[in-house]
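Residue numbers (our numbering): 279 to 465.
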Amino acid sequence: MTDRRPKRLAIPDLDQIALDYLARFATSRKRVEDMLSRRIRKSAHFHGDDPAPLLAAIPAVIAKLERHRFLDDTAFAGMKAASLTRRGTSKRQIGAKLAQLGIAPETRGAAIDSLAEEFGNADEAAAIAYAKRRRLGRYRARHIAGEQRVEQAKRDLAAMARAGFSFELAKRVLGSGVNIDTEDPPE
Numbered sequence: 279m280t281d282r283r284p285k286r287l288a289i290p291d292l293d294q295i296a297l298d299y300l301a302r303f304a305t306s307r308k309r310v311e312d313m314l315s316r317r318i319r320k321s322a323h324f325h326g327d328d329p330a331p332l333l334a335a336i337p338a339v340i341a342k343l344e345r346h347r348f349l350d351d352t353a354f355a356g357m358k359a360a361s362l363t364r365r366g367t368s369k370r371q372i373g374a375k376l377a378q379l380g381i382a383p384e385t386r387g388a389a390i391d392s393l394a395e396e397f398g399n400a401d402e403a404a405a406i407a408y409a410k411r412r413r414l415g416r417y418r419a420r421h422i423a424g425e426q427r428v429e430q431a432k433r434d435l436a437a438m439a440r441a442g443f444s445f446e447l448a449k450r451v452l453g454s455g456v457n458i459d460t461e462d463p464p465e
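Quick look at the structure:
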């Protein structure tokens, strides 16, 4: 079994570590900063070094990556928002996911606003993609009739609500034709 001791890091190593990470993952500035910080702390802890000089070098490494356009939060946010929309993620959840990835609020807003150029009504496109992927409502493989139809329509609407879509949008996309408001309450 190989020994997994962390390498003793020096400031010139940080550029290559960041480039290797960016070669594997499209990511945000914050994620690269966090990764470098973790690697530095792990190395410093193992070798008994002071992590402060290496941690102080992180902003210079990030600035160099941004200057050479290896790291661009605006492009990453736009790509991630479009990808999530195609997958069936609501605008609300896209904003939360971008925030989790460390994207600044104004960049998040610009990325979500730019979805209209590609998708028109992005929330409707995402809701349709979500319903197709989960096989909800009219996208179900088999037809359900009778009492089960009303119950299934409620479950489908609940799934759409949990995914972050509005009630009206979910009803329109699912197109079940079932009026769940007129159902008799159970006795």
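For each residue, glycine too, the CB sits at the ideal point set by N, CA and C.
Limits of the unbroken alpha helix (DSSP H) element including residue i
| i | result |
| --- | --- |
| Thr-305 | Segment: none, Thr-305 is in no alpha helix (DSSP H) and carries neither H nor E. |
| Pro-337 | 330 to 345 |
| Ile-390 | 383 to 391 |
| Lys-375 | 369 to 378 |
| Gly-356 | 351 to 365 |
| Phe-445 | 445 to 452 |
| Ala-436 | 425 to 440 |
| Asp-406 | Per the sequence shown, the amino acid found at residue 406 is Ile instead of Asp. Start and end: 400 to 412. |
Residue i versus residue j - alpha carbon distance
| i | j | result |
| --- | --- | --- |
| Phe-488 | Ala-423 | Here the chain covers residues 279 to 465 and nothing more, so residue 488 does not appear. |
| Ala-437 | Phe-445 | 11 Å |
| Phe-303 | Glu-429 | 42 Å |
| Ser-315 | Leu-292 | 10 Å |
| Pro-463 | Lys-375 | Any answer about Pro-463 is weak, because its pLDDT of 43 lies below 50 and its placement is not dependable; what the coordinates show is given next. Roughly 38 Å separates the two Cα atoms. |
| Thr-352 | Glu-425 | 49 Å |
| Glu-402 | Arg-412 | 15 Å |
| Tyr-299 | Ala-409 | 35 Å |
| Ile-372 | Gly-356 | 11 Å |
| Ala-330 | Lys-320 | 13 Å |
| Lys-308 | Val-451 | 36 Å |
| Arg-503 | Arg-427 | Residue 503 is absent from the model: the chain starts at 279 and stops at 465. |
| Leu-435 | Ala-404 | 15 Å |
| Glu-395 | Gln-294 | 36 Å |
| Phe-397 | Asp-328 | 50 Å |
| Ala-439 | Thr-363 | 16 Å |
| Ala-388 | Leu-379 | 15 Å |
Residue i versus the options, residue with shortest Cα-Cα distance
| i | options | result |
| --- | --- | --- |
| Lys-342 | Lys-320, Pro-290, Gln-426, Ala-360 | Pro-290 |
| Ile-406 | Gly-366, Ala-436, Thr-352, Ala-374 | Gly-366 |
| Lys-358 | Arg-345, Ile-381, Pro-337 | Ile-381 |
| Leu-333 | Asp-350, Thr-352, Val-310, Ala-400 | Val-310 |
| Arg-283 | His-323, Asp-293, Thr-305 | His-323 |
| Arg-386 | Ala-335, Ala-409, His-346, Asp-350 | Asp-350 |
| Ala-301 | Arg-347, Asp-327, Ala-288 | Arg-347 |
| Leu-470 | Leu-297, Ile-318, Asp-298, Arg-307 | Shown here, the chain extends from 279 to 465; a query on residue 470 therefore has no answer. |
| Lys-432 | Gly-373, Ile-336, Lys-449 | Lys-449 |
| Ile-336 | Ile-390, Tyr-417, Met-313, Arg-412 | Met-313 |
| Glu-344 | Arg-440, Ala-296, Thr-363 | Ala-296 |
| Tyr-417 | Gly-453, Phe-397, Arg-440 | Gly-453 |
| Ala-400 | Ser-368, Ser-306, Asp-434 | Ser-368 |
| Gly-326 | Lys-285, Ser-306, Asp-391, Arg-307 | Lys-285 |
| Ser-306 | Ile-340, Gln-294, Asp-328 | Ile-340 |
| Gly-415 | Ala-389, Leu-447, Ala-388 | Leu-447 |
Neighbour-count burial assignment, residue i, 16 or more Cβ in a 10 Å radius
| i | result |
| --- | --- |
| Ser-361 | exposed |
| Arg-420 | exposed |
| Ala-338 | exposed |
| Asp-391 | exposed |
Any non-hydrogen atom of the ligand MN within 7 Å of residue i CB
| i | result |
| --- | --- |
| Val-451 | The ligand MN is absent from the structure shown, which contains no ligand whatsoever. |
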